[in-house]
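Chemist:
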Amino acid sequence: MTDIKSLDNTKLQELMISLGEKPFRAKQLYNWLHVRLAESYGQMSNLPLALRERLEKEFPLLTLSQVNRQVSALDGTRKYLFALPDGNLVESVWMQYRHGNSVCISSQAGCRMGCAFCASTLDGLARNLVPSEMLEQIYAIQRDTKQRVSNVVVMGTGEPLDNYENLLVFLRMLTDENGLHISQRNVTVSTCGLVPQIYALAKEKLQITLALSLHAATDEKRSSLMPVAKRYSIRELMEACRFYWKETGRRLTFEYSLIGGINDSDEDAQLLSILARNVGCHVNLIPINPVRERSFVRSKAERIAAFKNKLEKTGINVTIRREMGRDIDGACGQLRHGHLDSGQRGERGR
Ligand code: SAH
16 MTDIKSLDNT
26 KLQELMISLG
36 EKPFRAKQLY
46 NWLHVRLAES
56 YGQMSNLPLA
66 LRERLEKEFP
76 LLTLSQVNRQ
86 VSALDGTRKY
96 LFALPDGNLV
106 ESVWMQYRHG
116 NSVCISSQAG
126 CRMGCAFCAS
136 TLDGLARNLV
146 PSEMLEQIYA
156 IQRDTKQRVS
166 NVVVMGTGEP
176 LDNYENLLVF
186 LRMLTDENGL
196 HISQRNVTVS
206 TCGLVPQIYA
216 LAKEKLQITL
226 ALSLHAATDE
236 KRSSLMPVAK
246 RYSIRELMEA
256 CRFYWKETGR
266 RLTFEYSLIG
276 GINDSDEDAQ
286 LLSILARNVG
296 CHVNLIPINP
306 VRERSFVRSK
316 AERIAAFKNK
326 LEKTGINVTI
336 RREMGRDIDG
346 ACGQLRHGHL
356 DSGQRGERGR
């Protein structure tokens, strides 16, 4: 069955024409779906009743149902657990900043990248999300908060570049002037480093920010944390990043999660600065969120400060990720994993 909410403007127009409708109906429908965030055809008052009934029958609208929502008493951050139409679960987070509201979305139900410190990969990959399922996380949150979302980060569960085609349709629809029209510059896609897809994305010349999860500056150390590092060396990865930077003119973000005694020494900082110096980038240090199933611990505050200092001395632009929703925060992916653990596993079509 055609998922009407995953169709971009052109495809929606083709569909309307194939149904014997005038092209302007596509524009009206797109506006209802992607600007007014309608939840049913019934609301679409400027469409003829017969068309609404036909769409309802032939193209039922996909919706997410809210399974759980936690609201931080500290800063208003909201963490959502949504069920997809087939029962698979995804997490999304809403954060308020001075510059606007930001949503962190999931791109896959589960993940197959196997990073050692990450909770999202503990249950493996269930399936890719389709564009409407990525969009709908943002729409559902905007409906719930009644506030406009200005920034989107694809940093929740899943490896976005492992779901490349759907991601691209999603990015275009999200930033389309006929939709929510979020500025490309306000969208960040985070990857563990799938080299061929980084080249492909660069060639699209979008103005989004690409964040690379680096976490170690040598292949040996990186491989011990991230299985993907066995496929692509840091050298290949840095070449791809340079290509992305040159092709799009956009500086990258290097994400570096600090794990006590593993990747947080002065020498680690020194090696990281050598990599960062050769690409237009900014380094974002993330104090690791301990995951129950893993033994990693967070670096001490003094170590984090010393690491940052060391990088800054070599002229690298560094920030430490501000923690949002500390009181509701399990590590990324723990809400979903916890839910799967408590007896939902198996029912979820895995
Ligand atoms: N697959 C993508 C996006 C999802 S993870 C990627 O790898 O980038 C988003 C970021 O959170 C990544 O940098 C990831 O490495 C990091 N991360 C995952 N688990 C973490 C944890 N327990 N503590 C701190 N950062 C974590």
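Numbering (our numbering), first residue to last: 16 to 365. For glycine and all other residues, C-beta sits at the position ideal for the given N, C-alpha and C.
1. Which one of Leu-34, Val-82, Gly-171, Ser-147 has the shortest CA to CA distance from Gly-125?
2. Which residues does DSSP pair with Met-170 in a beta bridge?
3. Can you look up Ala-291 in the DSSP assignment and give me helix, strand or coil?
4. How would you label Glu-71, buried or exposed, when you count the other beta carbons within 10 angstroms and need 16 or more for buried?
5. Pull the bridge partners of Glu-29 from the DSSP assignment, please.
6. Which whole-angstrom value describes the C-beta separation of Glu-270 and Ala-217, a residue pair presumed to lie in contact below a C-beta threshold of 8 angstroms?
7. Starting from Arg-84 and walking both ways along the beta strand (DSSP E), at which residues does that stretch end?
8. Say the cut is 6 angstroms; is the CB of Ile-319 nearer than that to a heavy atom of ligand 1?
9. Checking 7 angstroms against the spacing of the C-beta atoms, do Gln-123 and Leu-144 come in under that value?
10. Within its chain, find whatever has a CB closer than 8 angstroms to the CB of Trp-260; leave out the 5 residues flanking it on each side and keep chain order.
11. Taking only the alpha-carbon atoms, compute the straight-line gap between Ala-155 and Glu-36 and give it to the nearest angstrom.
12. Hey, quick one: how far does the beta strand (DSSP E) through Ile-301 stretch, first residue to last?
13. Just to check, is the beta-carbon of Phe-132 closer than 6 angstroms to a non-hydrogen atom of ligand 1?
14. Does the beta-carbon distance from Met-241 to Cys-130 come in below 7 angstroms?
15. My output table needs one value for Cys-256: the three-state DSSP class, helix, strand or coil.
16. Does the beta carbon of Glu-119 fall short of 6 angstroms from some heavy atom of ligand 1?
17. When you measure from the CB of Met-170 to every non-hydrogen atom of ligand 2, does any distance come out below 6 angstroms?
18. Using the DSSP secondary-structure output, state which residues sit across from Ala-98 in a beta bridge.
Modeler: Reading from the atomic positions:
1. Gly-171
2. Answer is none; Met-170 lacks a bridge partner.
3. helix
4. exposed
5. Paired residue(s): none; Glu-29 is not in a bridge.
6. About 18 angstroms; that fails the 8 angstroms criterion.
7. 80 to 86
8. no
9. yes
10. Arg-266, Leu-267, Val-294, Gly-295, Cys-296
11. 29 angstroms
12. 296 to 302
13. yes
14. yes
15. helix
16. Correcting the residue type first, residue 119 is Cys in the shown sequence and not Glu. No, since every heavy atom of ligand 1 falls outside the 6 angstroms radius drawn around the Cβ of Cys-119.
17. In the structure on display, ligand 2 does not appear, and the ligands it does have are ligand 1.
18. Ser-80, Leu-104
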